[in-house]
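A.B. asks: Residue numbers (the numbering used here), protein chains in the order written: chain A, 53 to 327; chain B, 298 to 563; chain C, 192 to 477. The C-beta atom is built at its ideal place from N, Cα and C for all residues, glycine as well. My questions will all concern the structure given below.
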Amino acid sequence: MKQIEVKNLDFSYDEQTHAVKNVSFSIEKGSYTTIIGHNGSGKSTIAKLMIGLLEKNSGEIFVDGLPLTLENLQEIRNKVGIVFQNPDNQFIGSTVRDDIAFGLENHCVEPEKMDEIINEFAKKVNMVEFLDSEPTKLSGGQKQRVAIAGVLAMAPEIMIFDESTSMLDPQGKNEINEVIRELHAKTKMTLVSITHDIEEVTKSDFVIVMNNGQIVMSGKPEEIMMREKELLKSNLDLPFSLKIIKELEKNKIKLNKSVTLEGLVDELCQLNSTK
Amino acid sequence: MGNFVLGKYLPYDSVIHKMDPRAKILAMLMVLVSIFLPAGYLGYAVLALVIVSTVLLAKLSLKFVWKSMKPMLFMLAFLMVINIFAVKTGYVLIAFGSFEIYSDAVFNTLYIAVRLMLMIMVTTCLTATTKPLDLTLGIEDLLKPFKKIGVPAHEIAMMISIALRFIPTLIEETERIMKAQASRGVDLQEGKLNEKIMAVLSLIVPLFVSAFQRAEDLANAMEARGYAPGQKRTRYKQLKFCFRDFVLLAGSLLLVVVIALMAFVL
Amino acid sequence: MSIEFNKVGYIYSEKTPFEYAALHDVDLKFSEGKVTAIIGATGSGKSTLVQHLNALLLPSSGKLNILNFEIVAKQKATNLKALRSHVGLVFQFPEYQLFEETILKDLCFGPKNFGATEEEAQEKAIRALKLVGLDQSYLEKSPLDLSGGQKRRVAIAGILAMDPDVLVLDEPTAGLDPQGAIAMMSLFKELNQKFGKTVLVVTHDMEHVLNYCDEVVVMKKGEVYSHTTVHEFFKDTTYLDELHILPPSVVRFRQMLNERGFHLPNDCYDMKTLCALIAKEVKNHG
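Structure, rendered in structure tokens:
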């Protein structure tokens, strides 16, 4: 079932620059989709359009069949949660506890029920012991986990991660990617992640590649990440495994195209033992 | 920044700390009113006694209170000088040749000094024992009745709490930009006037640019999490009025009445 | 001329309840004319360390010798401004330090602060802009109109315009896309090779350490944990595991193959050579 459908979406910040040009795609319910592209390719703009923080010029966006219009805005925002890039700028409360409560207050949850919900979601992102900490005492990764808890507590059906790991150190990145993987494995939530990280792309179900405000290609990561010409044209780095495959080809070893290092290693080991 | 203690919260564990911020704000207002009543020496003695014991009850050191008064000393000294030159009533206290200092000049200044000191002590009792956020909640609740005449109580409280949340972030940012510009040869201490203006600009402009960026991000994050100004929402932190809060209010009311009696009846 | 730390310690908010020691007895000598990576977890003291290099922070204890400028703890340091013109420090997200109306003016700001005349400053500005790969058409534009990646280039050009002998960068690629990051690191490598600049770069990216740096300093809990050449550093993956560092792809790939019966040499970091060796090994089996 399609949970998000975008048809002929068009958007520009000003008259000169067209940020999103005639973009159409759909996202399956319960899937994990990555949107990849270089900085300025229009991928983050799409995220903001999907939750109505920016107003499209033309085209249509449907969430669960519901068109995104001013009347439906609140209903759609209840379905779609988003975690942004900058850990500092999306921490609204003065402590972790208050920050998770912020969304609940907006949803008019009764105050007596909030503590239980706050504890439940702080536990999900491993932040229970920091509930009373102030943001200045937390690392970037911890702040992003709080942001995730704050969004999850509002029980959305769709979560968008808008470059949520790009300002984090390797440890923070791992923490957030781990949370995303767990959400994908344990819940039926639809996940959309806007990213630069090819490693993350290889773990998703579906990838959309963007360049100059347009979709260049989309499909399964195993196939898409092997299309060298299009990747280079979109100003993206080639996955390491593709570089290896090309190099081995020069040395007259032909491998099946695998996007993961593990796959390549398996194949090489087979060659090494059977021959 | 670290030496500035006026308005700083001190996390001690005292009965005053535990009281409801609304009760504390109302009590403070009542005591402020009584400070302004012309109650004479005895009245001020009573007030001073009550206020100093509150300070001690809140486990605040008198040294801390004194520190928060320091910024006012210069102002008082200035006032004294002006009064000495301007006020020529009462009897002559000291005379230097033809220049005379009158009693009213000295007593007026002392009078203002005592009032000011008492006022600072009272407000310190509030701000040092109440977390900024709780203070905001208290203000919000107290402003609620004025909603009918168009006071946006909740929005004011939200603005204050966000400002409080971002002060440390902006201080950090300021330090970073200062260092970054120092690396480009900016020297805030020395240099000619126009160099100094450039130095200040090199700090202010980036600070504004980044603050606006943060504001935009924050607005997006708030909106995405379902916030819309003016819409109905619940509140996680609920304030609870206890017996001790009634005692505080009753006590403050009694104080106002006593002082008022001393000022107008006796 | 050298860059030397001698038992340097640094304590934040000394003599207050918030006192926090960020560096302990750091002994370190950076190699001149090299690109050195400074790595370590968040809070390991990397940023504190680099801010000593142009005297933005002064040591609480110990002694520093930077390009013949001597800084001793508890002694009044002189000539800090002169030191800063020789050591250019680029902070994290440097795009936030742009403030002038035009890029030209912003680039001239540093040189003029250090006493250059208007003409000299402009000349330096134009040269610096070219170095970071932007042409002269940008000179009269407002720095605030640029894209994120371009802003960062201009901010770095602002430091390069001061023509420092030593360039220190605190996570210069944070927030850039992979292509932008590669372009940035190549620029530093070029500055090092063409102009002999000493480059010190704080980074988390091990691919960058392997591909663009000569030496690695590992910081851990305010101390220098190790200081080795890059090749030495990536040789022993058990050591990297200990530090919770994910090795670069080439090293990981080699390691995985060796664990499964390949015999690839430990000191091979070049992908081409590695692939040739793999091919050889596979064919020999056949």
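Looking only at its chain, what residues have a beta carbon closer than 6 Å to the beta carbon of A/Glu209, apart from the 5 residues adjacent to it on each side?
C.D. replies: Locating residue 209 of chain A in the first sequence gives position 157, where the first residue counts as 1. The residues are Lys131.
A.B. asks: Can you list, in chain order, the stretches of the alpha helix (DSSP H) that have 4 or more residues and sit fully within the region 243-270 of chain C?
C.D. replies: As far as the region 243-270 of chain C is concerned, it has no whole alpha helix (DSSP H) run of at least 4 residues.
A.B. asks: Do you know offhand how far A/Ser146's Cα is from C/Leu255's?
C.D. replies: The residue given as residue 146 of chain A occupies position 94 in the first sequence. The residue given as residue 255 of chain C occupies position 64 in the third sequence. The straight-line gap from Cα to Cα measures roughly 40 Å.
A.B. asks: Run through the DSSP bridge pairs and tell me what C/Leu358 is partnered with.
C.D. replies: Mapped onto the third sequence, residue 358 of chain C falls at position 167. C/Gly279, C/Val390.
A.B. asks: Go ahead and label A/Asp221 buried or exposed: buried means 16 or more other beta carbons lie within 10 angstroms of its beta carbon, across all protein chains shown.
C.D. replies: Residue mapping note: residue 221 of chain A aligns to position 169 of the first sequence, counting from 1. A/Asp221 is buried by the Cβ-count criterion.
A.B. asks: If you compare alpha carbons, which of B/Thr471, B/Met377, B/Ser549, B/Lys305 is closest to B/Thr421?
C.D. replies: Translated into the one-based positions of the second sequence, residue 421 of chain B becomes position 124. The shortest C-alpha separation from B/Thr421 is found at B/Lys305.
A.B. asks: Can you name the residues of chain C whose CB is closer than 7 Å to the CB of B/Ile474?
C.D. replies: Locating residue 474 of chain B in the second sequence gives position 177, where the first residue counts as 1. Within 7 Å Cβ-Cβ: Tyr287, Gln288.
A.B. asks: Taking contact to mean at least 3 C-beta pairs separated by less than 8 Å, is the region 153-161 of chain A in contact with the region 530-537 of chain B?
C.D. replies: yes
A.B. asks: One question on the structure: do C/Leu258 and C/Thr239 come within less than 7 Å of each other, judged by their Cβ atoms?
C.D. replies: Along the third sequence, one-based indexing puts residue 258 of chain C at 67. Along the third sequence, one-based indexing puts residue 239 of chain C at 48. For C/Leu258 and C/Thr239, no; Cβs fall outside 7 Å.
A.B. asks: In the DSSP assignment, the beta strand (DSSP E) including A/Asp62 goes from what residue to what residue?
C.D. replies: For the purposes of this step, residue 62 of chain A is taken as the residue at position 10 of the first sequence. It spans 54-64 - the beta strand (DSSP E) in which A/Asp62 sits, taken as one unbroken run.
A.B. asks: For the beta strand (DSSP E) that C/Leu481 lies in, which residues bound it at each end?
C.D. replies: With chain C covering only 192 through 477, there is no way to say anything about residue 481 of chain C.
A.B. asks: Per the contact definition of three or more C-beta pairs closer than 8 Å, is the region 474-482 of chain B in contact with the region 296-313 of chain C?
C.D. replies: yes
A.B. asks: Please list the partners that A/Val86 has in chain B, where partner means a Cβ-to-Cβ separation under 9 Å.
C.D. replies: Here residue 86 of chain A corresponds to residue number 34 of the first sequence, with the count starting at 1. Here residue 86 of chain A turns out to be Thr, not Val, going by the sequence shown. Within chain B, no residue has its beta carbon less than 9 Å from that of A/Thr86; the closest one is some 20 Å off.
A.B. asks: Under 7 Å, Cβ to Cβ, is there at least one residue of chain C near B/Met298?
C.D. replies: Here residue 298 of chain B corresponds to residue number 1 of the second sequence, with the count starting at 1. Annotation note: pLDDT 39 at B/Met298 (below 50); position unreliable, coordinate value reported separately. Taking Cβ atoms only, chain C never reaches closer than 7 Å to B/Met298, which makes this a no.
A.B. asks: Confirm the yes/no value for this check: CB of A/Glu274, any heavy atom of the ligand ZN, distance under 6 Å.
C.D. replies: Absence of the ligand ZN is noted for the structure shown, with no ligands found whatsoever.
A.B. asks: One question on the structure: do C/Lys400 and C/Ala228 come within less than 7 Å of each other, judged by their Cβ atoms?
C.D. replies: Stepping through the third sequence from its first residue, residue 400 of chain C is reached at position 209. Stepping through the third sequence from its first residue, residue 228 of chain C is reached at position 37. One point to set straight first is that residue 400 of chain C is Val, not Lys, in the sequence displayed. Closer than 7 Å, so yes.
A.B. asks: Could you tell me the distance, in whole angstroms, from the CA atom of C/Val500 to the CA atom of A/Ile296?
C.D. replies: Nothing in the structure corresponds to residue 500 of chain C, since chain C is present only between 192 and 477.
A.B. asks: Let me know the secondary structure DSSP gives C/Lys206 once reduced to three states.
C.D. replies: Residue 206 of chain C sits at position 15 when you count from the first residue of the third sequence. Here C/Lys206 sits in coil by DSSP.
A.B. asks: Within the same chain, show all residues whose beta-carbon is closer than 8 Å to that of B/Val389, passing over the 5 residues directly before and after it, in chain order.
C.D. replies: Walking along the second sequence from the start, residue 389 of chain B turns up at place 92. If we look at B/Val389 and ignore the five residues flanking it on each side, its Cβ neighbours are Glu397, Ile398, Tyr399, Ser400.
A.B. asks: Can B/Ala560 and B/Ala320 be called in contact, C-beta distance under 7 Å?
C.D. replies: Walking along the second sequence from the start, residue 560 of chain B turns up at place 263. Walking along the second sequence from the start, residue 320 of chain B turns up at place 23. No. Outside cutoff.
A.B. asks: Beta-carbon within less than 6 Å of C/Lys237's beta-carbon, same chain only, minus the 5 sequence neighbours each way: which residues are those?
C.D. replies: Along the third sequence, one-based indexing puts residue 237 of chain C at 46. Here the set comprises Ile229, Gly231, Val393, Met410.
A.B. asks: Chain C beta carbons: is any one of them nearer than 7 Å to that of B/Ala557?
C.D. replies: Translated into positions along the second sequence, residue 557 of chain B becomes position 260. Chain C contact via Cβ: absent.
A.B. asks: Can you name the start and end residues of the beta strand (DSSP E) that A/Ser270 belongs to?
C.D. replies: The residue given as residue 270 of chain A occupies position 218 in the first sequence. That run of the beta strand (DSSP E) goes 266-271.
A.B. asks: Could you run through the region 476-501 of chain B and flag, in chain order, every residue whose CB is less than 7 Å away from some CB of chain C?
C.D. replies: Lys476, Ala477, Gln478, Ala479, Ser480, Arg481, Gly482, Val483, Asp484, Leu498, Ser499
A.B. asks: Cα separation between C/Met447 and A/Val317?
C.D. replies: Taking the third sequence and counting its residues from 1, the one referred to as residue 447 of chain C is at position 256. Taking the first sequence and counting its residues from 1, the one referred to as residue 317 of chain A is at position 265. Cα to Cα, C/Met447 sits roughly 7 Å from A/Val317.
A.B. asks: So, do the region 199-217 of chain A and the region 165-183 of chain A have three or more beta carbon pairs nearer to each other than 8 Å?
C.D. replies: yes
A.B. asks: With 16 as the cutoff for other CB atoms within 10 Å, does A/Asn141 come out buried or exposed?
C.D. replies: Here the question's residue 141 of chain A lines up with position 89 in the first sequence. The residue in question, A/Asn141, is buried, as its Cβ has 16 or more Cβ neighbours within 10 Å.
A.B. asks: If I measure Cβ to Cβ from C/Asn383 and keep anything under 8 Å in the same chain, skipping five residues before and after, which residues do I get?
C.D. replies: Residue 383 of chain C sits at position 192 when you count from the first residue of the third sequence. The residues are Gly224, Lys225, Val226, Thr389, Val390.
A.B. asks: For C/Phe300, which residues in chain B fall below 9 Å Cβ to Cβ?
C.D. replies: Taking the first residue of the third sequence as 1, we reach residue 300 of chain C at position 109. Correct list: Gln478, Arg481, Gly482, Val483, Met495, Ser499.
A.B. asks: Does the region 364-380 of chain C touch the region 339-347 of chain C, meaning 3 or more C-beta pairs lie closer than 8 Å?
C.D. replies: yes
A.B. asks: What are the boundary residues of the alpha helix (DSSP H) that A/Thr239 is part of?
C.D. replies: Within the first sequence, numbered from 1, the residue matching residue 239 of chain A stands at position 187. Careful: A/Thr239 lies outside any alpha helix (DSSP H) and carries neither H nor E.
A.B. asks: Extract the residue ranges of the beta strand (DSSP E) inside the region 383-457 of chain B, only unbroken runs of 3 or more that lie entirely within it.
C.D. replies: 389-393, 396-399
A.B. asks: When the Cβ atoms of the region 543-556 of chain B are set against those of the region 309-327 of chain B, are three or more pairs found closer than 8 Å?
C.D. replies: Counting Cβ pairs under 8 Å, three or more are found: they touch.
A.B. asks: Rounded to whole angstroms, what's the CA-CA distance from C/Cys459 to A/Gly89? Just pull it up for me.
C.D. replies: Looking up residue 459 of chain C in the third sequence gives position 268. Looking up residue 89 of chain A in the first sequence gives position 37. Distance between the alpha carbons of C/Cys459 and A/Gly89: 32 Å.
A.B. asks: Is the separation between the beta-carbon of A/Leu294 and that of A/Met269 shorter than 7 Å?
C.D. replies: Along the first sequence, read from residue 1 onward, the residue named residue 294 of chain A stands at position 242. Along the first sequence, read from residue 1 onward, the residue named residue 269 of chain A stands at position 217. In this structure, A/Met269 does not lie closer than 7 Å to A/Leu294 by Cβ.
A.B. asks: Can you pull the chain C neighbours of A/Val317, defined as C-beta to C-beta under 8 Å?
C.D. replies: The count along the first sequence starts at 1 and reaches residue 317 of chain A at position 265. Simply Phe444, Met447, Leu448, Arg451.
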